[in-house]
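Visitor: Letter by letter, the sequence shown follows residues 6 to 175 of this note's numbering.
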Amino acid sequence: MGSDEWARQRKDNHKEVERRRRGNINEGINELGRIVPNGNGEKAKGAILARAVQYIHHLKENEARNIEKWTLEKLLMDQAMSDLQAQLEEMKRLWDEERMGRQRAESELELLRSMHGIATAISGASGSAQTVAPAARPTSREGGEASNKRRNEETETQEPEQGGKKARTE
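1. With H, G and I counted as helix, E and B as strand and the rest as coil, what does DSSP make of Val41?
2. Counting C-beta neighbours from all protein chains within 10 Å, is the total for Ile40 16 or more, i.e. buried, or is it exposed?
3. Are Asn43 and Arg56 closer than 9 Å when you measure CB to CB?
4. Quick check: the Cα distance between Glu23 and Lys16, rounded to an integer number of angstroms?
5. Check Ala49 in the structure and name its three-state DSSP category.
6. Using the rule of at least 16 other Cβ atoms within 10 Å of the residue's Cβ for burial, across every protein chain shown, is Gly38 buried or exposed?
7. I need the straight-line Cα distance from Glu147 to Glu113, nearest angstrom please.
8. Starting from the C-beta of Asp9, find all residues in its chain whose C-beta is less than 8 Å away, skip the five residues before and the five after it, and write them out in chain order.
9. Count the other CB atoms, across all protein chains shown, that sit within 10 Å of the CB of Gly127; report buried if there are 16 or more and exposed otherwise.
So, in structure tokens, the structure goes:
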């Protein structure tokens with residue numbers, strides 16, 4: 006009798022294990038039925054599994070199309086980025102060229118200004134009107150009066166005479 010009870014217990018355990026297994030399968034199929042879009046509303050397990058298979062194939066096809074599309078878009082974006090990077094490098098090069106050209110032009114302008122200042126000072130010393138650089142002018146009142154007197158004397162000696170008389174410029 007002990008072995009009959011043991012066999013019965015074993016059979017009951019097997020039934021319970023099988024019941025749990027079927028319950029898990031049914032629960033999984035019902036979950037698939039809720040997840041997979043319902044074509045015609047069938048609740049049969051076989052129909053749910055068939056719809057799930059179709060839906061998985063559909064998703065895989067969409068994934069393949071999307072991967073192809075995204076790969077093409079990525080290639081186009083990479084090409085656009087490369088083109089923009091090349092344009093950026095060209096703009097940097099042109100910017101540097103313009104900056105260097107501007108610096109050269111400013112240097113030449115300074116040189117010309119300093120040469121013009123020297124030429125003006127030279128022509129002023131030898132010509133009829135003498136230009137005195139601002140730094141050479143006296144800063145004190147007494148020095149200014151002496152400078153004005155000296156300048157007046159120099160101007161009188163440089164003026165051409167007309168008819169034996171000194172010409173006055175008024």
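Backbone N, C-alpha and C fix where the C-beta goes; we use that ideal spot for every residue, glycine too. Just so it is clear, the structure is predicted and the values come from calculations on it, not from any experiment.
Guide: So, to answer that:
1. It is coil, neither helix nor strand.
2. By the neighbour-count rule (16 or more Cβ atoms within 10 Å), Ile40 is not buried but exposed.
3. Contact flag set, yes.
4. If you take the alpha carbons of Glu23 and Lys16, they lie about 10 Å apart.
5. Note: Ala49 maps to coil in three-state DSSP.
6. Under the 10 Å beta carbon count, Gly38 is surrounded by 16 or more other beta carbons and is classified as buried.
7. Unreliable placement is indicated for Glu147, whose pLDDT of 47 sits below 50; the coordinate value is still reported in the next sentence. If you take the alpha carbons of Glu147 and Glu113, they lie about 40 Å apart.
8. For Asp9, where only same-chain residues beyond five positions count, there are no Cβ hits under 8 Å.
9. Residue identity check: residue 127 is Ile in the sequence provided, not Gly. Exposed, because fewer than 16 other Cβ atoms sit within 10 Å of the Cβ of Ile127.
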